[in-house]
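Once you know that position 9 of the sequence shown is 9 in full-length UniProt numbering, the rest is easy, because the numbers rise by one and skip nothing. Quick reminder that beta carbons are idealized off the backbone N, C-alpha and C, glycines included. Beneath this line is the structure, given in structure tokens, with notes to follow.
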Amino acid sequence: MNSNFSQIPQYESDEEMVDEMVNENNQVQDSIKKRRKYKVYTWIKDIVFNNKEDALKYIDNENQWGHNFTNYTKDGKKAYYRCNKVKYRTTQCSARICLFYDATSDDVVLFRSDEIHTHQNIKTISKISTEIKTEINKLIELKLKPKAILESLHGQSIANVPTMSQLRNYLVTYRKGRYGQSIISLGQLEQWCIDCNLLPENDDEAFVSSYEFMYDEEEDDDDVDNTINDPDENNAKFRIFISTKRLLKLAVNATKIHADATYKLIWQGFPVLIVGTTDLDRHFHPFGMAICSNEKTKDFKFIFESLKKGVEKINEEQYSPIILISDASNAIRNAFEMIFGKRLMIMCWAHMRRNVVSKIQSLVDSEYQTIIIDDVDTLQLSQNEIIFNKASALFIKKWKQKKQIAFVEYFENEWLKSHNTWYEGIQHFTPSTNNSLESFNKIIKDEDTYRERIPLSRFRIIAFETVKKWSSQYKHKLKQYIHTPTITLDIWTKGYQWAKSDKNVILMDHGDTVEYYAPADDEFKISNNDIDTIKTMKWNTFDQYKKRAFNVWCIKMQNDPTNWMKGICNCPAFFKCYVCKHVVGVSIRLRFCKPPPAAKDIPIGHKRKRGRPKKATKALLVD
């Protein structure tokens, strides 16, 4: 058998061969470029020493050389020295020396390069002057980032503006001097709390109202939701509540409490717990800030208990709020009930809607998703508990018939049995969302931490400054607690136009109070049958509820003209803003009040544009 076989090589086109040659050439060129170019020195023999000690002593006496690197050869060791009159990480002086340790004897030979010293001509990086540091400190107080600080210094035509690396190094030194070391032990933190626990004389001085420290203690909370892994390896836990006397005094008359935890403030990952209330302009007012190692039931129980004890200590009155507004966290709800007893707990509508929308996208057929979201939004506008219960049953019935069983079971168990306090009419003059607190958390991150995660040792100082700033805003009247809803110019305008319209209003006098029934939307007349439909809830399907439940608005007012601002309405705008055009419009019709002149300068049927209204009209034009 003949075995003289050979294999045909793979085919390669001419273009591929050219590309390979080009790539090889490019790689060779790149490797040549990457090679570091060393300067070649000419060495001149200077002195021969009998031993190493004499050679090193001679170099030390010259006081201008620093060791650079050492090279080992078969002939002996070569130690190279550079001129130490310039810094190591900058342009080097040209002068060099070398000590050659002969391998065959104890002699040490000193060689000098043929280059002369050039360190006199090298510009060293100058330090930041005291004047520039003072200007930088001012810019830091203005909450500017490093890049913005440099731009501001250049804009002021300041000479010798520092580089970015110099500025960052200075900022490290500045923060260390202001906030201390970046690392702190649990014992040091506890000692700091002990030192800051004294009640100050100044109402706006921040202090540690309460604190708890547990070393190697196991938590036994049953709630496992909304928790994080303890960053402390030793499982040590701590809780600190910071407030001021003025903020605790503010809490006396607060009947509703907002509570939540926020993250991305502390570098170690610890949560910051905020508690406060909202006024009748829906503005958030904090009572204090808590730093905890977790956000379980015991942590929220600590903050509620600290708030209760602090308020009662400062004001010598019993403190017992009646409403809690939060998300679905069992830790917050259970802790609130432990401290204040069984109270109304309003589920944040914004959190609820986000959860429902995500479930709808995963459980509901695509053709029904938009319809269900619209139905949930309509259900949320329920005006009282009776209407909500009946409308909820019709909602469940409708979507069971549509065979959306998985979503119906989820919605019924989660939002009709467990957390069913998310509709607008749950409580008058009470927000249905926790958005004011969420916005307040954003302000903390934007204005106090600059969107940076601060080490715990430094965040405690920032927390003190932040709480003091909150309190000082009330002292200087930059912020006030509003006890009566503010009627904006936009509401005055809408109320005036509503009063001037031809809408038919029917009243029912009940002695102390009067009910006024007015048509909704573009309707101008209503009948007794329409009012009866609203009162008796005559709807048999959810679609009938959507169509009939919002046809008539009921405005309830006292017979006293001076108390017209205490009137209430069942329209969605009133539940959200605590005042609406219907209450204002009825009061204008009854001459209980007069609208400001600026409310009348918009034609009937037109909406007021955003922004401040003009103060003067245009002059008359004469041809």
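For Arg112, there is no enclosing alpha helix (DSSP H); the enclosing beta strand (DSSP E) has its first and last residue at 108-113.
In this structure Asp512 is in contact with Asn559, their Cβ atoms being roughly 6 angstroms apart against a cut-off of 8 angstroms. DSSP places Gln558 outside any alpha helix (DSSP H); the residue lies instead in the beta strand (DSSP E), whose first and last residues are 552-558.
Taken through DSSP and simplified to helix, strand or coil, Phe336 comes out as helix. Taking all protein chains shown into account, Met164 has fewer than 16 neighbouring C-beta atoms within 10 Å of its C-beta and is therefore exposed. Under DSSP, the beta-bridge partners assigned to Ser210 are Phe241.
Distance from the CA atom of Met537 to the CA atom of Ser587, rounded to whole angstroms, is 28 angstroms.
Annotated as proximal: Tyr215 and Ala236, with beta-carbon spacing under 7 angstroms.
When secondary structure is reduced to three states using DSSP, Ile149 falls in the helix class. The alpha-carbon separation between Gly177 and Ala573 amounts to approximately 52 angstroms.
Annotation for Asp75: no alpha helix (DSSP H) segment contains it, and DSSP assigns it neither H nor E. A Cβ-Cβ distance of about 5 angstroms is found for the pair Ile97 and Tyr81, placing them in contact under the 8 angstroms criterion.
Per DSSP, the beta-bridge partners of Glu515 are Met508, Lys556. Cβ-Cβ distances below 7 angstroms link His428 to Ile568 in the same chain, with the five nearest sequence neighbours on each side left out; the list follows chain order. Under the DSSP assignment, Ser185 falls outside any alpha helix (DSSP H); it carries neither an H nor an E label.
Taking C-beta atoms under 8 angstroms as the contact rule, Leu381 and Thr541 fail to qualify, at a distance of about 17 angstroms. Counting every other CB atom within 10 Å of its CB across the protein chains shown gives Lys57 a total below 16, marking it as exposed. Per DSSP, the beta bridge partners of Pro286 are Gly276. Contact check for Thr278 against Pro162 fails: the beta carbons are separated by 7 angstroms or more.
Tyr450 sits in coil when the DSSP states are folded into three classes, being neither helix nor strand. If you look at Lys313, you'll find it isn't in any beta strand (DSSP E); it sits in the alpha helix (DSSP H) that goes 297-315. With respect to Lys546, Thr378 sits close: the two C-beta atoms are nearer than 7 angstroms. Close CB contacts of Asp281 within its chain, under the 7 angstroms cut and outside five residues either way in sequence, are with Ile482, Pro485, Thr486 (chain order). Checking the DSSP bridge columns, you'll see Phe49 partnered with Val108. Closest by C-alpha distance to Trp470, out of Leu189, Tyr41, Ala206, Glu316, is Ala206. In this chain, the alpha helix (DSSP H) harbouring Ser471 covers 456-475.
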